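One structure is given here, and the rest of the page talks about it.
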Amino acid sequence: MNEKKNISFVGNNCCGFSLGSLPDKLAGSGQGSWSRRPGRIFESHYPNGRLKQEGILVDDKPEGELRIYYQNGRLQEKRIFRDGKKNGPFKFYYESGQLQEKGNFINGKKEGAFQDI
Numbered sequence: 003m004n005e006k007k008n009i010s011f012v013g014n015n016c017c018g019f020s021l022g023s024l025p026d027k028l029a030g031s032g033q034g035s036w037s038r039r040p041g042r043i044f045e046s047h048y049p050n051g052r053l054k055q056e057g058i059l060v061d062d063k064p065e066g067e068l069r070i071y072y073q074n075g076r077l078q079e080k081r082i083f084r085d086g087k088k089n090g091p092f093k094f095y096y097e098s099g100q101l102q103e104k105g106n107f108i109n110g111k112k113e114g115a116f117q118d119i
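For what it's worth, my numbering labels the leading residue of the sequence shown as 3, then goes sequentially.
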């Protein structure tokens, strides 16, 4: 079945659609590919309707990249999760959009020094 769907990508995650409405694998000419993963996409919003956070939950735990936004729509922080624990690079931004702090987590624990920028 050749079905085309509009998909917006955020990093390595896809957002803005219902997982149940897509085939198990999609590919586009020069656009990369997408494979279904277990879990569900979640979003939360501020009272003004703007996106507050987005990510993927597997067994009700965050998995992969989680993005959190300020009310003005700019990125506040980016974290990577594996099995519900912070695992990978962490970045925190000022409301202006400039990088404020970065560091790394392994199995939910800080790894090495965090840098204030």
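Cβ atoms here follow ideal geometry from the backbone N, Cα and C, with glycine treated the same way. Given the structure is predicted, the values throughout are model-derived calculations rather than measurements.
Three-state secondary structure (DSSP) of Pro64 | In the structure shown, the three-state DSSP call for Pro64 is strand.
Opposite Gln55 in the DSSP bridges: which residues?
-> DSSP lists Ser46 and Ile70 as partners of Gln55.
Look at Phe107 and Phe94 and say whether their C-beta atoms are less than 8 Å apart.
-> no
Grab me the residues of Gln55's own chain with a C-beta within less than 6 Å of its C-beta, minus the 5 sequence neighbours each way, in chain order.
-> Excluding residues within five positions, the ones whose Cβ falls inside 6 Å are Ser46 and Ile70.
Within 10 angstroms of its Cβ, does Gly114 collect 16 or more other Cβ (buried), or is it exposed?
-> Gly114 sits exposed, since fewer than 16 C-beta atoms from the chains shown fall within 10 Å of its C-beta.
Beta-ladder partner(s) of Asn106, from DSSP | According to DSSP, which records beta bridges pairwise, Asn106 is partnered with Pro91 and Glu113.
Report yes if the CB atom of Arg42 is closer than 8 Å to the CB atom of Leu59, and no otherwise.
-> At the C-beta level, Arg42 and Leu59 come within 8 Å of one another.
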